[in-house]
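Residue numbers (our numbering), protein chains in the order written: chain A, 755 to 1043; chain B, 755 to 1043. Backbone N, C-alpha and C define an ideal beta-carbon position, used for all residues, glycine too. A quick note: this is a predicted structure, and the numbers were derived from the prediction, not measured.
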């Protein structure tokens, strides 16, 4: 099985994808920061099943890391990443350098107002501005029909969905369910930072989310009751330091009452590693919409 | 001669233009706020000469008007505008409503950092954020090969050029020289607000710019000398109230010395009407680039 085409530059990528469009083929796009895991594989599979041509980008975007964050130590694993792209049938892997993406000082940024204010946005100033700006730029380069993002980064997904609507981007934004380890830990490129003891403790995010969902599905609608119980679960784990636990609506605004579509979202530090996760507490009944 | 097609909605416009693209035709785009004059005609002519299909949008964008600005009284003249579009050979006129463009509260904005800080940007907070955001949205709807903007709004042009580069927009941004009345007044939809006396006085912008250019071309390179002399010309006109006169580089940053490409930019109030104009003082020698 031959591997995907590799493209390192913006002009090369544009030219290749223009030929794909000219041939009347649809394009699915999976933007990533590399260090790919099975969660990314599911994004590529989703793109593969809905499009004629699948492009994956691998770019660790400096704009979205704060000065004290893990940009320099963020895992890079290009050979393994390309193998994974090949195994899931990606057609093109785009690996621009920082100089390709930002040949001059980036002056233009997109921001999505209140959707980025809470949860991670409250603790990582500038992070989502960097995320939505690079995603917008990648979408302008690739010009896909559909772009795929994991639900694990739910605030990122909400921001990108809203940006796409607000700016009339000619792309469908697709969310793909979180993939978990057998014990419930959400897959993340940052899980590899965890010590064995931290790795064991890290299931506490999932346990707190499950407990919240159980409460909600048993009829508890009070956000404060659910939040208190979830924090009790989270704080029972001495290796973890809770950053936030909140119930939010689709615009990532805190709510007082649980209604269909409301999600619980959580962030916990384990040493110098920060993990996030989220879960829909009561499913939206799609049939009734 | 049949008139241009008219399109009022985003889906209708997208569908029509997708058919144009599928036919392998290039698209030139002229975004306007209507109240079209001969300056706009030149934009449409430029688009006509370089593209297979020409789309013009007419949309008075509320996002770019401040609370005390002239949004509600901004001139609307749709029938005459469509006549002008017809006479210059436009193929499609897109006239979305405010509800089409902003069906929900706009949370997403693009901003272009320091390029928008000076000149008009210093006096119209939020104005350029509204401008670049609506232009980005219109570009996403029309997806043109080339988009045309007048050099009269030089800061707007600089912002849009920089946004296009920073966001890798798949479009070429073209600037079209300012069109002037025989006495030098730059064409503007707002000129119709002027009383006869103000209209006569309004040539002072052009006179101050010409005087600046004459000085620069005679070898005067000191920005402060040129600025002082231009202000003397401007202040000789009692009906005008100068808002700014500055010498700026291509990123709209003030300069101390005149070099090729530097522009003088000016804004003057006449009663409740604000006029702007600008001029390159020493031409960039294109052959030497």
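Check: If you draw a straight line from the alpha carbon of residue 820 of chain B to that of residue 880 of chain B, how long is it in whole angstroms?; Outcome: 7 Å
Check: Could you work out which residue in B:975, B:940 and B:998 is closest to residue 872 of chain B when comparing CA atoms only?; Outcome: B:998
Check: Could you tell me the distance, in whole angstroms, from the CA atom of residue 1043 of chain A to the CA atom of residue 904 of chain B?; Outcome: Low per-residue confidence applies at residue 1043 of chain A: pLDDT is 45, beneath 50, and the placement is therefore not dependable enough to give any value.
Check: So, with DSSP's three-state summary, where would you put residue 832 of chain A?; Outcome: helix
Check: Comparing the C-beta of residue 920 of chain A with each C-beta of chain B, is any distance below 8 Å?; Outcome: yes
Check: Between residue 867 of chain B and chain A, is there a C-beta pair that is closer than 8 Å?; Outcome: yes
Check: What residue does the beta strand (DSSP E) around residue 929 of chain B start on, and which one ends it?; Outcome: 926-930
Check: Quick check: is the beta carbon of residue 894 of chain B nearer than 8 Å to any beta carbon in chain A?; Outcome: yes
Check: On the criterion of 16 or more Cβ atoms from any shown chain inside 10 Å, does residue 1013 of chain A qualify as buried, or is it exposed?; Outcome: exposed
Check: Distance check for residue 962 of chain B and residue 719 of chain B, CA to CA, integer angstroms please.; Outcome: Examination of residue 719 of chain B is not possible in this model, given that chain B is present from 755 through 1043 alone.
Check: Rounded to whole angstroms, what is the Cα-Cα separation between residue 868 of chain A and residue 953 of chain B?; Outcome: 45 Å
Check: Specify, as a first and last residue, the run of the beta strand (DSSP E) that residue 906 of chain A falls within.; Outcome: From DSSP, residue 906 of chain A is part of no beta strand (DSSP E); its letter is neither H nor E.
Check: If you follow the beta strand (DSSP E) that residue 1033 of chain A is part of, which residue opens it and which one closes it?; Outcome: 1027-1034
Check: What residue ranges within the segment 794-856 of chain A form continuous beta strand (DSSP E) runs of no fewer than 3 residues, ordered along the chain?; Outcome: 807-812 and 846-848
Check: Tell me the DSSP secondary structure of residue 864 of chain B in three-state form.; Outcome: strand
Check: Between residue 882 of chain A and residue 898 of chain A, what straight-line distance do the alpha-carbon atoms span, to the nearest angstrom?; Outcome: 21 Å
Check: For residue 801 of chain B, which option in B:830, B:773, B:977 and B:844 has the closest C-alpha, if you only look at C-alpha atoms?; Outcome: B:844
Check: Opposite residue 1008 of chain B in the DSSP bridges: which residues?; Outcome: B:1002
Check: Alpha carbon to alpha carbon, what distance is there between residue 837 of chain A and residue 976 of chain A?; Outcome: 47 Å
Check: Closer than 8 Å, CB to CB, is residue 965 of chain B near chain A or not?; Outcome: no
Check: If distances are taken between C-alpha atoms only, which option among A:920, A:816 and A:812 comes closest to residue 865 of chain A?; Outcome: A:920
Check: For the beta strand (DSSP E) that contains residue 760 of chain B, what are its first and last residues?; Outcome: 759-761
Check: For residue 902 of chain B, count neighbouring C-beta atoms within 10 Å of its own C-beta (all shown protein chains included) and say buried if the count is 16 or more, exposed if not.; Outcome: buried
Check: Consider the Cβ of residue 924 of chain B: report whether some Cβ of chain A lies at a distance smaller than 8 Å.; Outcome: yes
Check: From what residue to what residue does the alpha helix (DSSP H) around residue 774 of chain B run?; Outcome: 764-776
Check: Thinking C-beta only, is residue 811 of chain B closer than 8 Å to residue 785 of chain B?; Outcome: yes
Check: Using a beta-carbon distance below 8 Å, is residue 863 of chain B in contact with chain A?; Outcome: yes
Check: Just to make sure I have the definition right: I need the residues of chain A whose C-beta is within less than 8 Å of the C-beta of residue 764 of chain B. Which are they?; Outcome: 922
Check: According to a CB-to-CB cut-off of less than 9 Å, which residues of the segment 971-1002 of chain A neighbour chain B?; Outcome: none
Check: Are at least three pairs of beta-carbons, each pair with one atom in the segment 967-987 of chain A and one in the segment 934-949 of chain A, less than 8 Å apart?; Outcome: no
Check: Along chain A, which residues have their Cβ under 8 Å away from the Cβ of residue 916 of chain B?; Outcome: 861 and 862
Check: Within a Cβ cutoff of 8 Å, which residues of the same chain sit near residue 815 of chain B, ignoring the five residues on either side of it in sequence?; Outcome: 787, 855, 884, 885 and 888
Check: Pull up the CB-CB distance for residue 1019 of chain B and residue 1000 of chain B, whole angstroms please, since I reckon it's below 8 Å.; Outcome: 6 Å
Check: May I ask which residues mark the beginning and end of the beta strand (DSSP E) holding residue 782 of chain A?; Outcome: 781-786
Check: Using 8 Å as the limit for Cβ to Cβ distance, is residue 897 of chain A near chain B?; Outcome: yes
Check: Flag residue 779 of chain A as yes if its beta-carbon sits less than 8 Å from any beta-carbon of chain B, otherwise no.; Outcome: no
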